[in-house]
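Undergrad: Numbered according to numbering that gives the first Met the number 0, the sequence shown spans residues 0 to 336.
Glycine included, every Cβ here is placed at the ideal spot set by N, Cα and C.
This structure is a prediction, so every number in the text was calculated from the model and none was measured.
Sharing a structure below in structure tokens format, with a few things to ask.
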Amino acid sequence: MKLTKVLLAAAAATTLSTAAVAGTLDDVRGKGFVQCGVSQGLAGFSNPDEQGNWTGIDVDVCRAVAAAVLGDAGKVKFTPLSAKERFTALQSGEVDVLSRNTTWTLVRDSALGLNFAGVNYYDGQGFMVRKDLGVKSALELDGASVCVNIGTTTELNLSDYFRANSMKFNPVVFEKADEVVAAYDSGRCDVYTTDQSGLAAQRIKLKEPNAHMILPEVISKEPLGPVVRHGDDKWLDTVKWTLYAMVEAEELGVTSKNVDQMKGSSSPNVRRLLGVEGDGGKNLGLSVDWAYNVVKQVGNYGESFERHVGVKTSLGLERGQNALWKDGGLQYAMPVR
Ligand SMILES: N[C@@H](CCC(=O)N[C@@H](CS)C(=O)NCC(=O)O)C(=O)O
């Protein structure tokens, strides 16, 4: 009897919470902005300047969603979240979307009640050490102390990797990324481990970036992407197709600079993407120029990548796995038709 009551209460709670968050697309339209969960500051991904203006490829995903839904990429509010806080903030409805270098895993995509809308950066976990440690491979790290963020896949992969290679390590864990970096920089640990893009971003903050090196081993797959709540298919579609629109635009050669001329293109794919032909916007419950607004205001995927993390930025990352599929990479948009 008691158990039945508990189960009924749980079922009611689930129904209620699903109902409360079932219409994020409508909620966002109603309030006039997207509440976007981001990191507490990770260069190239989501980083505030002194005036509190956020930039980065994860920020661009939220700006692109605002452009698609509201016609204005500026209509985004940001909630900085630690790795540990991020999923609760999304589950509770504090944010509409989480766009925060978050790895797509089975547990997060199922048991946590969340859906990943795609991958905006394919990454993998690596290790950084001081050059004067004299180590050339991660396999020489037996007995090392390792600085790591709590609540991340990084922690789990770290322990898998050492166990699989019969090595021991001493974890030095913190909730805030800045604490992890400061601890590593002050010599409290021999090794700093996180996603490779994170190593590139955090290295800039070290007192002597050139005194450190990234070891060759990449020990995991870290497909990073935006996340929404289960039970909200329209919103999932919105975020998913916004990402695809950015990738498709790059593939079709549509950029923020030429998007107006491209509206006059004779290519059926370009015309459909930009709403000159077809019902793409209508089918998503968006305006006819949803993808035009994304490209015009935020840019295509390649533009966003080069602006924030590419070879000309302080992170200096190559496209690598994040090149378009036709250039040997993994970025591939489903057909916009
Ligand atoms: N991709 C991993 C790691 C994500 C993560 O939180 N990494 C740290 C270290 S780079 C971070 O983003 N810190 C930035 C912050 O907390 O502001 C995951 O999803 O668990």
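Would you call the stretch 218-235 and the stretch 112-132 touching, i.e. three or more CB-CB distances under 8 Å?
TA: Verdict: yes, contact present.
Undergrad: If we count the other Cβ atoms within 10 Å of its Cβ and call it buried at 16 or more, is W103 buried or exposed?
TA: Position 104 of the sequence shown, counted from the start, is the residue given in the question as residue 103. It counts as buried.
Undergrad: The beta strand (DSSP E) with P170 in it runs from where to where?
TA: Translated into positions along the sequence shown, residue 170 becomes position 171. Run containing P170: 168-173, per the beta strand (DSSP E) assignment.
Undergrad: Suppose you measure from the CA of D232 to the CA of A182; what does that come to, to the nearest Å?
TA: Here residue 232 refers to the residue found at position 233 of the sequence shown. Here residue 182 refers to the residue found at position 183 of the sequence shown. Roughly 42 Å between the two C-alpha positions.
Undergrad: Could you tell me which of L155, F115, K74, D108 sits nearest to V226, measuring between CA atoms?
TA: For the purposes of this step, residue 226 is taken as residue 227 along the sequence shown, with counting starting at 1. V226 has its Cα closest to that of F115, out of L155, F115, K74, D108.
Undergrad: For L329, is the classification buried or exposed, using 16 other Cβ atoms within 10 angstroms of its Cβ as the cut-off for buried?
TA: One-based indexing of the sequence shown puts residue 329 at position 330. It counts as exposed.
Undergrad: In whole angstroms, what separates the C-alpha of G55 from that of F44?
TA: On the sequence shown, residue 55 is found 56 positions in, with the first residue counted as 1. On the sequence shown, residue 44 is found 45 positions in, with the first residue counted as 1. Rounded to whole angstroms, G55 to F44 spans 4 Å at the Cα level.
Undergrad: Is it true that the CB of V246 sits closer than 8 Å to the CB of A322?
TA: Start at 1 with the first residue of the sequence shown, and residue 322 comes out as number 323. Start at 1 with the first residue of the sequence shown, and residue 246 comes out as number 247. Result no, Cβ atoms of A322 and V246 do not sit closer than 8 Å.
Undergrad: Would you call G252 buried or exposed, if buried means 16 or more other Cβ atoms sit within 10 Å of its Cβ?
TA: Position 253 of the sequence shown, counted from the start, is the residue given in the question as residue 252. Looking at its Cβ environment, which holds fewer than 16 other Cβ atoms inside 10 Å, G252 is exposed.
Undergrad: In its own chain, which residues sit with a C-beta less than 6 Å from the C-beta of A200, not counting the 5 before and 5 after it?
TA: Working through the sequence shown from its first residue, we reach residue 200 at position 201. If we look at A200 and ignore the five residues flanking it on each side, its Cβ neighbours are L41, A42, G43, L314.
Undergrad: Go through its chain and collect everything with a Cβ distance to C188's Cβ below 7 Å, but skip five positions before and after it.
TA: Position 189 of the sequence shown holds residue 188. So the qualifying residues of the chain are S144, V145, C146, V171, A182.
Undergrad: Starting from D25, follow the beta strand (DSSP E) in both directions and report where the run begins and ends.
TA: On the sequence shown, residue 25 is found 26 positions in, with the first residue counted as 1. Unbroken run through D25 is the alpha helix (DSSP H), 23-30; no beta strand (DSSP E).
Undergrad: In chain order, what residues of the same chain have a beta carbon less than 6 Å from the beta carbon of N257, not counting five sequence neighbours either side?
TA: For the purposes of this step, residue 257 is taken as residue 258 along the sequence shown, with counting starting at 1. Answer for N257: no residue qualifies.
Undergrad: Count the other CB atoms within 10 Å of the CB of G62; is the residue buried (16 or more) or exposed (fewer)?
TA: In the sequence shown, residue 62 corresponds to position 63, counting from 1. Sequence inspection shows Arg at residue 62; the Gly mentioned does not correspond to that position. Buried, since its Cβ has 16 or more Cβ neighbours within 10 Å.
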